[in-house]
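For the sequence shown, UniProt numbering gives the first residue as 1, with consecutive numbering after it.
Scroll down for the structure; my scribbles are underneath it.
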Amino acid sequence: MRGRSMGEITLKLKNILQRINELAEQRKSVSVPKLIAVSKTKPIEAIVELYKCGQYTFGENYVQELEEKANNEQIKRECPDIRWHYIGHLQRNKCNRIVKIPNLECIQTIDSIQLADSLNNACKNVQFSKPLNILLQINTSNEEQKSGIAPNECLTLYQHVKKNCELLNCLGLMTIGALDNVQSTNNQDFEILLKCRDNLCEQSSLSVNDVELSMGMSSDYEQAILAGSTMVRIGSSLFGGR
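Right, dumping it as structure tokens:
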């Protein structure tokens, strides 16, 4: 992925960021949604190229791949301020590994009290300057093959984290929408996540502006931003296919 391909990635980044800004203005957002560049299976050279263009936040789906990339000598040398978001399913037995990853900014896929407790315990073995950021993953589409808690369990998990997991900082909510809803005028997944956010704010005395919403990928990020997303996870539209 060199030469012309690298130039294409840079241009795609510019166009996507421009579109994100346009949509944020259209919805009169208080802030511009953050772009998470999903770099799973992508080469180190592509990550470095985007970093040099000002894209510092990247998302990975697999613990081992994230470990390898975060500890890569070229990444450490040329991307000192890179920020990693973990966006894949996290197994409890990998919590001790993931908390040791350099420049880990957020784990977006906390979906049970047991996982939150395991991650909190793992954090006790490392020296963090502040609590580890997390998002609660909500299964808004009610698909069995997808991870995430049911929408009606969102408040219980949030309250547990706030009360019992002092080394975790819950920033908000995340969902992976159903493919069937991508072209829908009113995306049901986004609507459900917004309702979860609103209920969480009402029951916990939070402002809606204090709750991050990670929703929207390459196929539906525009719709997600108009619905209220504060983070979009974009891979194929940025890097191309596998």
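Positions of the beta carbon are idealized from the N, C-alpha and C atoms, including for glycine.
Treat the numbers as computed from the prediction; the structure is a model and nothing was measured.
query, result
"Across which residues does DSSP place Gly-172 in a beta bridge pair?", "Leu-135, Glu-212"
"Please identify the residue among Gly-88, Leu-136, Cys-123 whose C-alpha is closest to the C-alpha of Ile-110.", "Leu-136"
"Work out the CA separation of Phe-239 and Leu-11 for me, nearest whole Å.", "11 Å"
"Please give me, in chain order, every unbroken run of the beta strand (DSSP E) with length at least 3 that falls completely inside the segment 53-88.", "57-60, 83-86"
"If the criterion is Cβ atoms closer than 8 Å, does the pair Ser-207 and Ser-237 meet it?", "no"
"Starting from the C-beta of Leu-226, find all residues in its chain whose C-beta is less than 8 Å away, skip the five residues before and the five after it, and write them out in chain order.", "Leu-23, Gln-26, Arg-27"
"Below 8 Å on the Cβ atoms is my contact criterion, and I expect Leu-213 with Gly-172 to pass it. Report the Cβ-Cβ distance as a whole number of Å.", "6 Å"
"Thinking C-beta only, is Cys-106 closer than 8 Å to Cys-154?", "no"
"Helix or strand or just coil, what does DSSP make of Val-161?", "helix"
"Report the partner residues of Ile-110 according to the DSSP bridge assignment.", "Leu-136"
"Per DSSP, what kind of secondary structure is Met-6 in: helix, strand or coil?", "helix"
"Which word fits Ala-224, buried or exposed, when buried means at least 16 other C-beta atoms lie within 10 angstroms of its C-beta?", "buried"
"Mapping DSSP to helix, strand and coil, what is Ala-150?", "coil"
"Tell me which residue opens and which closes the beta strand (DSSP E) that Leu-35 is part of.", "34-38"
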